[in-house]
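Reviewing the structure listed below.
Numbering (my numbering), first residue to last: 431 to 604.
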């Protein structure tokens with residue numbers, strides 16, 4: 431928190447975007463503590479530093495990068511909207527939902543100008559090898575059996591990281 435406060439004063443950014451998160455669902459199941467620390471406590475610390483720094487500066491925005499997983503399973507419609515209820519199903523998605531609620535509370539309570547986006551799965555260069563697309567490619571290249579999760583009927587949505595970044599920029603500036 432002290433480092434963030436110092437950096438805000440020193441660099442005086444117009445925007446703060448919270449991309450920081452523990453994000454691997456399976457890891458959250460086997461060890462949820464880092465997810466609570468990063469996704470909830472980290473967001474709290476960042477919000478508090480921003481609240482002190484912001485002080486009603488015109489044009490300042492805080493953007494919380496969240497996940498569609500806060501909405502739970504897709505269900506019969508196969509889609510979510512901004513009106514979908516939060517129904518997190520893992521320690522990861524619960525920690526991200528908690529962070530979203532903190533962001534909303536800081537906006538409602540203190541007037542901090544915030545935006546929260548709920549992106550789907552990103553893919554692109556330098557993605558961690560444990561993630562689905564790099565794992566599938568590695569298995570295929572090695573001639574290994576491709577892993578199937580659950581009954582194989584799960585639906586996943588993907589966005590290229592550059593498209594996601596373009597959307598983040600639009601959310602900040604428009």
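Note that CB positions come from ideal geometry on N, CA and C, so glycine has one too.
The model shown is predicted, which means the values in this text are computed figures rather than measured ones.
Put residue i into one of helix, strand or coil per three-state DSSP.
i: residue 553; result: strand
i: residue 501; result: helix
i: residue 473; result: helix
i: residue 548; result: strand
i: residue 468; result: helix
i: residue 586; result: coil
i: residue 483; result: helix
Can the beta-carbon of residue i be found closer than 9 Å to that of residue j?
i: residue 499; j: residue 519; result: yes
i: residue 497; j: residue 569; result: no
i: residue 529; j: residue 470; result: yes
Relative to the C-alpha of residue i, which candidate in the options has its C-alpha closest?
i: residue 504; options: 584, 595, 602; result: 584
i: residue 468; options: 523, 572, 508; result: 523
i: residue 488; options: 552, 442, 538, 509; result: 442
i: residue 552; options: 440, 561, 545; result: 561
i: residue 521; options: 450, 465, 538, 581; result: 465
i: residue 450; options: 572, 494, 459, 438; result: 494
i: residue 513; options: 492, 547, 525, 538; result: 547
i: residue 457; options: 525, 507, 593, 537; result: 525
i: residue 440; options: 592, 455, 470, 483; result: 483
i: residue 533; options: 473, 509, 575, 444; result: 473
i: residue 455; options: 579, 438, 598, 592; result: 579
i: residue 508; options: 596, 604, 586; result: 586
i: residue 597; options: 431, 447, 438, 437; result: 447
Quick one: residues in its chain with C-beta nearer than 7 Å to the C-beta of residue i, no 5 flanking neighbours on either side, listed in chain order?
i: residue 527; result: 500, 516, 518
i: residue 434; result: 475, 476, 479
i: residue 601; result: 493, 545, 547
i: residue 459; result: 520, 521
Terminal residues of the continuous beta strand (DSSP E) containing residue i?
i: residue 448; result: 445-448
i: residue 558; result: Where residue 558 is concerned, there is no enclosing beta strand (DSSP E), given that its DSSP letter is neither H nor E.
Provide the residue span of the alpha helix (DSSP H) that contains residue i, from first to last.
i: residue 459; result: 455-460
i: residue 563; result: 562-571
i: residue 440; result: 432-441
i: residue 591; result: 591-603
i: residue 530; result: 521-540
Counting only the same chain and skipping the five closest in sequence on each side, list residues whose C-beta sits under 8 Å from that of residue i.
i: residue 590; result: 552, 553, 554
i: residue 563; result: 553, 557, 588
i: residue 537; result: 543, 544
i: residue 592; result: 554
Can you list, in chain order, the residues of its chain whose CB lies under 6 Å from that of residue i, leaving out five sequence neighbours each side?
i: residue 594; result: 549, 552
i: residue 445; result: 491, 602
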